[in-house]
Amino acid sequence: KQLVEWLESVGQNEIWLCDNASTYPPLVEFLKSTKHNVVRNGYNLGHRAPWLSGLVPELGHDRYFIISDPDILPDENTPLNVFEFFEEALRDNPKIDKVGFSLRIDDLPDHYVHKQDVITWESQFWRNKLSSGFFSAPIDTTFAMHRPGGGHLNANSLRSAPPYTARHLPWYCDLSKPTAEDIYYNQHADKLITNWNTDKLPASVVAVLTKLRAEKKE
Numbered sequence: 033k034q035l036v037e038w039l040e041s042v043g044q045n046e047i048w049l050c051d052n053a054s055t056y057p058p059l060v061e062f063l064k065s066t067k068h069n070v071v072r073n074g075y076n077l078g079h080r081a082p083w084l085s086g087l088v089p090e091l092g093h094d095r096y097f098i099i100s101d102p103d104i105l106p107d108e109n110t111p112l113n114v115f116e117f118f119e120e121a122l123r124d125n126p127k128i129d130k131v132g133f134s135l136r137i138d139d140l141p142d143h144y145v146h147k148q149d150v151i152t153w154e155s156q157f158w159r160n161k162l163s164s165g166f167f168s169a170p171i172d173t174t175f176a177m178h179r180p181g182g183g184h185l186n187a188n189s190l191r192s193a194p195p196y197t198a199r200h201l202p203w204y205c206d207l208s209k210p211t212a213e214d215i216y217y218n219q220h221a222d223k224l225i226t227n228w229n230t231d232k233l234p235a236s237v238v239a240v241l242t243k244l245r246a247e248k249k250e
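Shown next, in the form of structure tokens:
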């Protein structure tokens, strides 16, 4: 809801919501009542749903388009020309597949149990700053603009430097006081994809964090 409201507030009228066979009752009702377009998948297609559902091939084959996870929210100080800013960066960097936000890690609350882990993880994406006001860093399905016809590619990406930043909302939650939505999500989410929403991190994430901390000590 927050991301949709932000998109509306900056004048975006063509918004498509990709429904991965949602079952959480309030979300089901929201998708029924929204004025925006909803693509309903018969089952959960995972984070590649915008492509596997046919949404991107149909609507993004001849124009720039944005894909985002629903739990990303652009910072309140993000300039309103962000879409033009991202598109210009793609035009200026023909070898780049997509351009998106850097994620804030400077204001994470102490009550978030994975705060230090997130800072360690995300710091790697704030290292390689370019003169153009971007960082060279991979992006998965965090809010990003793609080239026309772009596939699910992660490596050749740019993340924007401040003030063009966003927040990953789960990083601001108190996992010791889960909401009804949190409980439902954790009971039904794909454990291979969900990283930061539960008390215990996946082994694959822990392994990368161990490596990053070892590199920092060298």
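The working numbering applies: residue 33 is where the sequence shown begins, and numbers increase by one.
Ideal placement from N, C-alpha and C gives every residue a C-beta, glycine not left out.
Reduced DSSP secondary structure (H/G/I, E/B, other) of residue i
i: residue 175; result: coil
i: residue 93; result: coil
i: residue 191; result: strand
i: residue 236; result: helix
i: residue 196; result: strand
i: residue 218; result: helix
Beta-carbon spacing of residue i, residue j below 8 Å
i: residue 87; j: residue 38; result: no
i: residue 135; j: residue 174; result: yes
i: residue 72; j: residue 184; result: no
i: residue 156; j: residue 244; result: yes
i: residue 76; j: residue 52; result: yes
i: residue 42; j: residue 122; result: no
Option nearest residue i by Cα separation, candidates the options
i: residue 120; options: 42, 154, 178 and 231; result: 178
i: residue 127; options: 229, 148 and 186; result: 186
i: residue 56; options: 180, 116, 215 and 194; result: 215
i: residue 106; options: 248, 58, 212 and 192; result: 192
i: residue 149; options: 42, 162, 170 and 233; result: 233
i: residue 237; options: 154, 44, 116 and 50; result: 154
i: residue 208; options: 229, 249 and 45; result: 229
i: residue 180; options: 172, 103, 59 and 91; result: 91
i: residue 117; options: 250, 194 and 36; result: 194
i: residue 45; options: 60, 58 and 66; result: 66
i: residue 125; options: 159, 189 and 114; result: 189
Min CB distance residue i to chain D below 8 Å
i: residue 133; result: No chain D is present in this structure, which holds just one protein chain.
| Is the segment 127-136 close to the segment 161-173, with three or more CB pairs under 8 Å? | yes
| field | At least three beta-carbon pairs within less than 8 Å, the segment 199-206 to the segment 91-100 | value | Output reads no: the segment 91-100 does not touch the segment 199-206.
| Length-filtered (3 minimum) beta strand (DSSP E) runs lying within the segment 39-65 | Counting whole runs of 3 or more residues, the segment 39-65 contains the beta strand (DSSP E) stretches 48-51.
| request: List in chain order: all unbroken beta strand (DSSP E) runs of 3+ residues lying wholly within the segment 78-163. | output: 97-99, 104-106 and 130-135
| query | Touching or not, the segment 141-150 and the segment 201-219, by the rule of three or more beta carbon pairs under 8 Å? | reply | In the pairwise beta carbon analysis, the segment 141-150 is classified as touching the segment 201-219: at least three pairs are separated by under 8 Å.
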